[in-house]
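Taken in sequence, the protein lines are chains A and B.
In terms of this note's numbering, the first sequence opens at residue 1 and continues consecutively.
In terms of this note's numbering, the second sequence opens at residue 1001 and continues consecutively.
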Amino acid sequence: VFNNADILNLDYSVEYRAEKATEVKGGYLLELKATGPAVAYDRLKMQVDGATLVPTEIEAYAASGLLIKTLRFRDIKDFGNGIRRPAVLETDSPLYKGYKSIMLYANIKPRKLPDEVFSLNYLPRAEELRK
Amino acid sequence: MTPRAACAAAALLLAQAASGWAAESYTFDASAFEKKPFEFGGYVEFKQQYYDLNQDGAIYLLNFYNDPRSHINESTLILKPWGKLRHGDTSLNFRAHLEARWESRGDEGEARFDELYASYKPDPGLTLDAGKIALKWGKGYAWNPIAFVERVKDPNDPELAREGFVMALADVIRHFEGPLRTVAFTPLVLPANEDVNSDFGTGNHTNVAAKLYFLYRDTDIDVAFLSQGSRSQRWGFDFSRNLATNLEIHGEWAHYDDAQRLVTTPGGGRAIVRDSAQNYLLGLRHLSARDTTTILEYYRNGSGLTEGQMQDFVRSVDAAYAQFVATGNDALLKQAAAVAQGGYGLPNPGRSYVYLRIAQKEPFDILYFTPALTVIANAGDGSTSVTPELLYTGFKDVELRLRGVFLNGGAGTEFGERQIASRIEFRARLYF
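What follows is the structure in structure tokens.
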């Protein structure tokens, strides 16, 4: 119940603009509108944790107003090295009732990688980057 | 070299679960995903195929003139293991192919390494490989005119892993700031003689090929070259660019100095036609908001057979078959079969083709289910191959595929003269 637009291929600050920001208990509720037609979801309702300023829940809507899916970010933890982020991402969708996808993150560590690894030629060997 | 922070050490696990389960109940051992000295995997595949034979087709007559039948049932069992043994910057890699086929006319088996090579990677910008390697050159999905050192892709199943050739290659990658972001150079040496790569071409040669890759203003560009040797000299280029996040355009163009083909003459004889040729391809790939993937390609096979040459071949087969029926002499049929092996009987021997594939991920809210429709049309004679398929991956480590292949075309056309009229295939894979 997820695709690349949910986890990898996105940059909220570029692809969306905030139409409304409301203070709610524990943080903020942002109502976001897509800046162009090339993004996966036309509107987002994003709840943001006030202390860490990371999203805790995102409802993704189509242009018609249909709720396509909900992303829930849980277990915000300090991974060290200044990385503080959710360790669990759950997604569910009214389009796929009875199912959910769960992604667990662990052992996140910063590494410096040469730019050459971000190339088409290196892509088939990307598994070699594992420690 | 620009320092870049990356969280590449992150390990993640995706779990599909019935709703209501608490996320906190999931744990996983990140060390299970760490690089190991030896890794092993692969799949075992069972395939059952029913062929409805085209008893009027020229290729059918060549293969079944002394054993006529209306259909064939074929069962296939394939084991495709792969493995990697690492030591420092060096690894030994293999991908094997073990196959057994049972068919009413007889049984066959095959065992080979698709790949078996040693790899040395002293740093991410340099790789040296030696052994049997399967390359993937070109940007086309169904055809690759610049795939100069590969076995031919099957347009009916373009994503099937193919057997490689024995070669030694280097891969050098360099990154730059500015409009030209990446340059990669891949030179290789490929020996071919009676003992090594004997099916690569003719004679005893040490073939040299190279590919130069650029990422320029977000456009992927390759320039490729193969020296005169076992095959004629050829060179070309490809490109790929995203016009939007969900729309990609790609193309390839190749020049062949000397393209040879064995043809049937209007008088029924055989002749070798030699000429230079240009092969090219232009394609689009689109992903809709509803997860519909559409791939559309046009392929010009300049070294292919003309419609006239195809029709001359069909007439020669008809005449040879008539002689066999009248006299029992199959000499002409055997001659025609030899010509067919050189071109007419191969996949897509004609000059121009259109390829269209539409795949819909999880329609009607059915998870793990992807139906698709593929059409390959010979743009010269209007004949077509239509392939509907259903893919299901809802069982752990299992992939199930049901597909039909239906060939349409009149007398004298490519798909109208094929050996089969239709084929139903069921394929089950278990990954390990």
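Virtual Cβ for every residue (Gly too), placed ideally from N, Cα, C.
Since the model is a prediction, treat every value here as computed from it, not as a measurement.
Among the residues facing chain B, Leu95(A) is included, as its CB has a counterpart in that chain under 8 Å away.
Three or more pairs of CB atoms, one per stretch, sit closer than 8 Å, so the segment 1398 to 1413 of chain B contacts the segment 1307 to 1316 of chain B. Listed along chain B, no residue sits closer than 7 Å to Arg17(A) by beta-carbon distance, the nearest being about 18 Å off.
Taken in chain order, the members of the segment 106 to 122 of chain A whose beta-carbon sits within less than 9 Å of a beta-carbon on chain B are Ala106, Asn107, Ile108, Lys109, Pro110, Arg111, Lys112, Leu113, Pro114, Asp115, Glu116, Val117, Phe118, Ser119, Leu120, Asn121 and Tyr122. Among the residues facing chain B, Lys20(A) is not included, as its CB has no counterpart in that chain under 8 Å away. In the displayed model, Arg1427(B) falls within a strand according to three-state DSSP.
Taking 8 Å as the CB threshold, Glu1034(B) lines the interface with chain A. Looking only at Leu1332(B), Val1166(B) and Arg1217(B), the smallest Cα-Cα distance to Ser1198(B) is reached by Val1166(B). Between the alpha carbons of Lys1139(B) and Glu1252(B) lies a distance of about 7 Å. Annotation for Val24(A): Gln47 place their beta carbon closer than 8 Å to its own, counting only its chain and skipping 5 residues before and after.
The beta carbon of Glu116(A) sits closer than 7 Å to those of Tyr122, all from its chain and outside the five residues before and after it, given in chain order. Gln1228(B) is the residue among Lys1121(B), Gln1228(B) and Phe1313(B) whose C-alpha sits nearest the C-alpha of Phe1200(B). Within chain A, Ser119, Leu120 and Asn121 have C-beta atoms less than 9 Å from the C-beta of Tyr1213(B), given in sequence order. Here the alpha carbons of Ser1230(B) and Asn1144(B) stand approximately 19 Å from one another. Cα atoms of Thr1206(B) and Val1189(B): separation of roughly 7 Å, rounded to the nearest angstrom. Residue nearest to Phe1239(B) within the set Tyr1141(B), Ile1272(B) and Leu1402(B) is Tyr1141(B) (criterion: CA-CA distance). Close to chain A, meaning a Cβ-Cβ distance shorter than 8 Å, are the following residues of the segment 1224 to 1257 of chain B: Ala1244, Thr1245 and Asn1246.
Residues of the same chain with a CB within less than 6 Å of the CB of Gly1394(B), apart from the 5 flanking positions on each side, are Tyr1368 in chain order.
Between Leu1390(B) and Pro1371(B), the alpha-carbon positions lie close to 4 Å from each other. The beta carbons of Asp92(A) and Ala62(A) sit about 16 Å from each other, so the pair does not count as a contact at 8 Å.
Under the three-state reduction of DSSP output, Gln1419(B) falls in the coil class, being neither helix nor strand. DSSP, read as helix, strand or coil, puts Ala1411(B) in coil.
Just measuring C-alpha positions, the residue of Pro86(A), Pro114(A), Val14(A) and Thr70(A) sitting nearest Lys33(A) is Val14(A). For the C-beta of Ala38(A), the chain B residues within less than 8 Å are, from N- to C-terminus, Ala1244, Thr1245 and Asn1246. Apart from the 5 residues on each side of it in sequence, Ala1118(B) sits with its Cβ closer than 8 Å to the Cβ of Thr1090, Ser1091, Leu1092, Asn1093, Asp1129, Ala1130 and Gly1131 in its chain, given in chain order. By the CB criterion at 8 Å, Lys1080(B) and Gly1042(B) fall inside the cutoff. Across the structure, Lys1136(B) and Asn1329(B) are spaced so that their CA atoms are roughly 45 Å apart. Under DSSP, Gly1404(B) shares a beta bridge with Ile1424(B). The C-beta distance from Tyr1321(B) to Leu1333(B) rounds to 6 Å, short enough to fall under 8 Å. Under the DSSP assignment, Thr1327(B) falls in the alpha helix (DSSP H) whose first and last residues are Glu1307 to Thr1327.
In the DSSP assignment, Trp1082(B) forms a beta bridge with Gly1041(B) and Arg1095(B).
Closer than 8 Å to the CB of His1071(B) there is not a single CB belonging to chain A. For Glu1248(B), the enclosing beta strand (DSSP E) covers residues Leu1247 to Thr1264.
At least one beta carbon of chain A lies nearer than 8 Å to the beta carbon of Pro1124(B). Val1398(B) is bridged by DSSP to Leu1430(B). When secondary structure is reduced to three states using DSSP, Pro1191(B) falls in the strand class.
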